[in-house]
Amino acid sequence: MTSRRPVGVEEEFLVVDLESRRLTPLAHAMLDQLPEEGFAAELQRSVVETNSTPYEDLMDVRAELVRLRGALTAAAEPLGVGVIGSGTTPLAGTDGFTISPGERFRYLSDSYQFLAQEQLICGAQVHVEIDDRDVAVLAVQRVEPWLPALLALSASSPYWQDADSGYASSRALAWQRWPTAGPVGPFRSAAEYDQAAEDLVASGVIEDVGMVYFDIRLSAHVPTVELRVCDSCPLVDDVVLIAGLFRALVVRESESVVKGEPQKGEGRVALLRAANWRAARSGLEGDLLSPVNSRPMSAPKLITWLLDDLRPALEELGDWEVVSELADAALRRGSSASRQRGAHARDGRPEDAVDLLLQETRRS
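Adding 168 to a residue's 1-based position in the sequence shown gives its number in this note's numbering.
Okay, structure coming up:
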């Protein structure tokens with residue numbers, strides 16, 4: 169069996185008042201009740217982040233995410249608030265737009281103005297361990313054409329500032345406004361990648377290499393590659409599914425780099441951006457673009473293709489049974505964006521969409 173590379177997950181959650189269902193700036197009051205390890209503040213005071221311990225087994229990853237979510241809920245409920253795992257919220261409210269204290273957060277607010285002030289979006293980031301940075305920088309460029317499928321699986325942000333955006337992931341569109349967001353590369357080596365990061369810092373556009381926000385990036389501090397395109401997900405099983413697919417992609421493409429095999433996916437930046445837009449537009453309920461020839465393909469068909477294509481790697485990792493079952497369930501229930509719209513439409517109440525997110529985020 170291929171050695172399992174440890175997987176870690178960062179999840180961001182929106183904090184909502186349980187009576188009004190609107191955002192509330194009480195993340196720091198929650199954090200006061202939680203240990204420092206595993207929990208962190210974010211730019212807005214209505215957002216809180218969890219950071220998992222890395223695990224090799226996907227079921228251990230799942231158990232860790234459930235534990236962290238449970239701790240958040242326990243800290244939230246005495247304050248009359250709840251947490252939702254979604255890219256945006258159906259009901260925002262002006263109280264949500266409150267910048268957290270701290271020098272870095274002040275820098276972000278002063279430097280980026282409305283980008284920071286509208287940063288009421290939440291993502292799920294997945295880290296996969298990889299030791300050789302030269303292999304990693306080539307592998308992530310080969311993984312990149314498949315990222316829109318992972319975005320579609322996570323799509324949970326149909327609402328933007330209290331209105332239906334018309335997108336399955338409005339968060340993805342909002343995130344792309346940041347100056348370093350988007351496709352990685354092209355880079356031929358880790359040295360080229362690191363030089364580009366240093367040049368961006370020297371340009372004054374960003375303060376440090378931690379603000380290189382490529383859709384998939386090399387960590388500057390630990391030996392991992394990081395997936396950054398996905399919305400936060402209300403259902404923990406969707407996060408585990410994405411983590412399993414991403415790890416299999418990283419493992420397969422790393423091994424292909426070492427073997428000198430040609431890249432299969434479309435690597436042109438214009439088409440990568442178009443594919444990400446397509447995934448943000450319709451999630452699982454419309455077409456995605458084929459990572460091989462950029463032609464439209466229904467989302468369920470493309471994700472089934474991805475699953476079949478990754479089956480050898482998933483079997484080698486011992487993940488095939490878990491990932492295939494989770495993928496089947498995700499395709500049967502559809503995207504969170506669609507479920508939220510359905511809850512809202514039943515009685516015309518956005519509060520019902522918030523309640524659905526609260527329930528799904530708590531479900532283990």
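Here a beta-carbon is modelled for each residue, glycine too, at the ideal position from N, C-alpha and C.
Closest by C-alpha distance to residue i, when choosing among the options
| i | options | result |
| --- | --- | --- |
| V303 | A358, G334, S268 and D332 | A358 |
| L417 | V491, R517, T192 and G334 | V491 |
| L288 | V249, S462 and W328 | W328 |
| R500 | P468, A481, G510 and A511 | P468 |
| D487 | T472, D520 and L413 | L413 |
| T130 | D477, D228, P464 and G238 | Nothing about residue 130 can be reported from this structure: the residues present for the chain run from 169 to 532 only. |
| E187 | V175, G454 and P246 | P246 |
| Y335 | D496, A447 and S422 | A447 |
| L211 | A320, A242, L283 and A370 | L283 |
| L478 | W445, E421, S466 and M198 | E421 |
| L240 | G516, D225 and H196 | H196 |
Range covered by the alpha helix (DSSP H) that runs through residue i
| i | result |
| --- | --- |
| V234 | L226 to A244 |
| M465 | M465 -> not in any alpha helix (DSSP H); beta strand (DSSP E) instead, spanning P464 to S466. |
| V377 | That residue, V377, is in no alpha helix (DSSP H); it is neither H nor E in DSSP. |
| V308 | R301 to V311 |
| L569 | Here the chain has residues from 169 to 532 only, and residue 569 is not among them. |
| D405 | V404 to K427 |
| V352 | Premise fails: V352 is in no alpha helix (DSSP H) and is neither H nor E. |
Cβ-Cβ distance between residue i and residue j below 8 Å
| i | j | result |
| --- | --- | --- |
| L470 | L456 | yes |
| S325 | I410 | no |
| A481 | V419 | yes |
| S220 | L202 | no |
| E394 | S387 | yes |
| R339 | G291 | yes |
| V460 | G433 | yes |
Residues near residue i in its chain [Cβ-Cβ closer than 6 Å; skip 5 each side]
| i | result |
| --- | --- |
| F181 | V216, V251 and G253 |
| A349 | W343 and Y381 |
| V294 | V177, L395, A411 and F414 |
Same chain, Cβ closer than 7 Å to residue i, five either side skipped, listed in chain order
| i | result |
| --- | --- |
| V352 | V308, Q309, E312, F382, D383, I384 and R385 |
| S424 | R310 |
| D330 | L259 and A260 |
| V184 | R190, L191, T192, V249, G250, I252, T257 and V522 |
| V305 | F355, S357, A358, Y361 and L386 |
| V373 | P347 |
| V296 | R173, V175, T392, V393, F414, R415 and V418 |
| R230 | V404 and V408 |
| A498 | L321, D406 and L409 |
The ligand ADP heavy atom lying under 7 Å from the CB of residue i
| i | result |
| --- | --- |
| R189 | Among the ligands in the structure shown, none appear at all, so the ligand ADP cannot be discussed. |
Endpoints, beta strand (DSSP E) assigned at residue i
| i | result |
| --- | --- |
| V522 | Where V522 is concerned, there is no enclosing beta strand (DSSP E), although the alpha helix (DSSP H) it sits in stretches over P518 to R530. |
| E217 | V215 to N219 |
| F602 | For residue 602 there is no data in the structure shown, the boundaries of the chain being 169 and 532. |
| A292 | G291 to E297 |
Sequence-distant residues of its chain with Cβ nearer than 8 Å to residue i (five each side left out)
| i | result |
| --- | --- |
| L494 | D405, D406, V408, L409 and G412 |
Original post:
How do the segment 394-413 and the segment 275-282 stand: do at least 3 beta-carbon pairs fall below 8 Å, yes or no?
Top reply: Between the segment 394-413 and the segment 275-282, the count of Cβ pairs shorter than 8 Å is below three; the stretches do not touch.
**OP:** Tell me, please, whether the segment 425-439 touches the segment 338-349 by the rule of three or more beta-carbon pairs shorter than 8 Å.
**Re:** Using a C-beta cut-off of 8 Å, the segment 425-439 makes no contact with the segment 338-349, since fewer than three inter-stretch Cβ pairs fall below that distance.
Original post:
Okay, do the segment 434-453 and the segment 254-268 touch, 3+ Cβ pairs below 8 Å being the bar?
Top reply: Judged by Cβ distances under 8 Å, the segment 434-453 makes no contact with the segment 254-268, as fewer than three pairs qualify.
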